[in-house]
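Input: a single structure, listed below in structure tokens.
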Amino acid sequence: MTFMPFICLGVGLLVSIRQLPGKILQVVDWVINIALIVLMLTIGMNIGINDSVMLNLPVIGLNCVVISLSAIIFSVLLVILVEKTLLPLSALQEKLYLEKMDVSKEVDISQEEEKKTSPLVWIMPVSIIAGVVIGYTLLQESFSVYLNYSLYGSLILLYTGVGISLGTNRKVFRYVKILGFKIIYISLAIFIGSLTGGALAGIILGLPLHVSMLSAGGMSYYSITGAYMTQVYGIETGTYGFMVNVMREFFTVIFLPVLIKLSKGSPIAGGAAGNMDTMLVPVTKFVGPELGLVALITGVILTFFVPFELPLLSNIMNSIL
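Written as structure tokens, this is what we have:
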């Protein structure tokens, strides 16, 4: 399991280098979507067949609220610190405006808005709810062996798909050179802030640090985080990985009007890895199209980083704790 993410991501990146035609990319997108649906059903069924998780679900939910809010708060604080000391985003926004560089150069915002109304938006939560119901009412706990195979297969497809997606979006990284490598400080601040928030929440809640820190370290990438933590630590820990990161997106959207009053980078800090896709439109509406490009770059960097970070952090924590 330790090397599987790296192998699949590498395969995906190598495949994407071949400049795949649009039709092939559409097929890849469909495969990833199907894998996501299967993954949501699998996680849901794993939750449903586990009596302990079902009994503790209200407590787990409250813990996830604390972890997700703590991760957002510390990410925002560290990004504000970066803005005050290393990278004033107001000046960067003005520079991007004068050079006519914004997120529309890389992403069709109208198409991204259409994605918000796509069937996948409601199919995903319906799938996990359906999985919980099926697992709770129809399946025996012995069925978890087959669910593990489904989980592993879904992860292989997702990791490979992420590699292909990142490879096809690699041109975004050229903006790192154009804008300066200081732009990476935003991603670094979000990462450190998320882990710090996760650690503090874990101490307050009395949770094992690998539960709170890994789930917070998912930085809104709920599918990969939930699946990875389920595969390595079991369904209860995996439930944290999934719920914390879904809640991070939910709370970020709710608090966007407050976050933008704190600083230009605060909405970007809340969106984290989600700035590459689901969070890009709402965050861009608050920070503007110029800093929407910064949000996209940050989202791509963190999306690329999470699949590597989770197994590395897991191994480090297992060896220390």
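Take -2 as the starting number for the sequence shown in this note's numbering and just add one per residue. Backbone N, C-alpha and C define an ideal beta-carbon position, used for all residues, glycine too. Just so we're clear, the structure is a prediction, and the values are computed from it rather than from any experiment.
- Message: Does V25 pass the burial test, meaning 16 or more other C-beta atoms within 10 Å, or should it be called exposed?
- Response: buried
- Message: Beta-carbon within less than 7 Å of Y218's beta-carbon, same chain only, minus the 5 sequence neighbours each way: which residues are those?
- Response: N242, A270, T300, V303
- Just curious, the alpha helix (DSSP H) that A186 is in, first and last residue? For A186, the enclosing alpha helix (DSSP H) covers residues 181 to 202.
- Query: Going by the C-beta, is I34 closer than 7 Å to any heavy atom of the ligand NAD?
  - Reply: Absence of the ligand NAD from the depicted structure is noted, as is the absence of any ligand whatsoever, leaving it without description.
- Task: Assuming P264 and F283 form a contact by the criterion Cβ under 8 Å, report the distance between their Cβ atoms to the nearest whole angstrom.
- Result: Right, the Cβ-Cβ distance comes to about 5 Å (below 8 Å), so this counts as a contact.
- What are the uninterrupted segments assigned as alpha helix (DSSP H) that are 4 or more residues long and contained completely in the stretch 0 to 63, given in chain order? 1 to 13, 19 to 46
- Mind checking which residues open and close the alpha helix (DSSP H) that includes G150? 141 to 165
- Task: Confirm, please, whether the CB-CB distance from F140 to I46 is below 8 Å.
- Result: yes
- Task: Using alpha carbons as the reference points, say which of L93, E138, L309, V50 lies closest to Y225.
- Result: L309
- Message: Helix, strand or coil, according to DSSP, for L137 in the structure here?
- Response: Strictly speaking, residue 137 in this sequence is Gln, with Leu absent from that position. Here Q137 sits in coil by DSSP.
- Query: Sorted by chain position, which residues of the same chain lie with C-beta nearer than 7 Å to D99's C-beta, five sequence neighbours on each side aside?
  - Reply: Cβ within range, chain order: L93, P286, E287, G289, L290.
- Within 10 angstroms of the Cβ of T134, are there 16 or more other Cβ atoms? Answer buried if so, exposed if not. Counting the other CB atoms within 10 Å of its CB gives T134 a total below 16, which places it among the exposed residues.
- Unbroken alpha helix (DSSP H) run spanning T281, endpoints: 277 to 284
- In the structure shown, what three-state DSSP assignment does P205 receive? coil
- Query: If you count every other CB in all the chains shown that lies within 10 Å of the CB of G194, and 16 or more means buried, which is it?
  - Reply: buried
- Own chain residues within Cβ distance below 6 Å of F165, not counting five before or after: Here residue 165 turns out to be Thr, not Phe, going by the sequence shown. For T165, where only same-chain residues beyond five positions count, the Cβ hits under 6 Å are S13.
- Exposed unless 16 or more other CB atoms sit within 10 angstroms - verdict on G177: Flag for G177 reads exposed.
- Are I125 and G41 closer than 8 Å when you measure CB to CB? yes
- Task: Compute the Euclidean distance between the alpha carbons of I31 and L152, then round it to the nearest angstrom.
- Result: Rounded to whole angstroms, I31 to L152 spans 12 Å at the Cα level.
- Message: I'd like to check one pair, G9 with T157: are the Cβ atoms closer than 8 Å?
- Response: yes
- Nearest to S67 by CA position, among T227, G214, I161, is which residue? G214
- Task: Compare the beta carbon distance of M244 and V62 with 8 Å and say whether it is the shorter of the two.
- Result: yes
- Task: Using the Cα positions of A88 and S72, report the straight-line distance between them to the nearest angstrom.
- Result: Cα to Cα, the separation comes out at about 21 Å.
- Query: Which residues in the same chain have their Cβ closer than 8 Å to the Cβ of Y182, if we skip the five residues on either side of it in sequence?
  - Reply: V79, L83, L84
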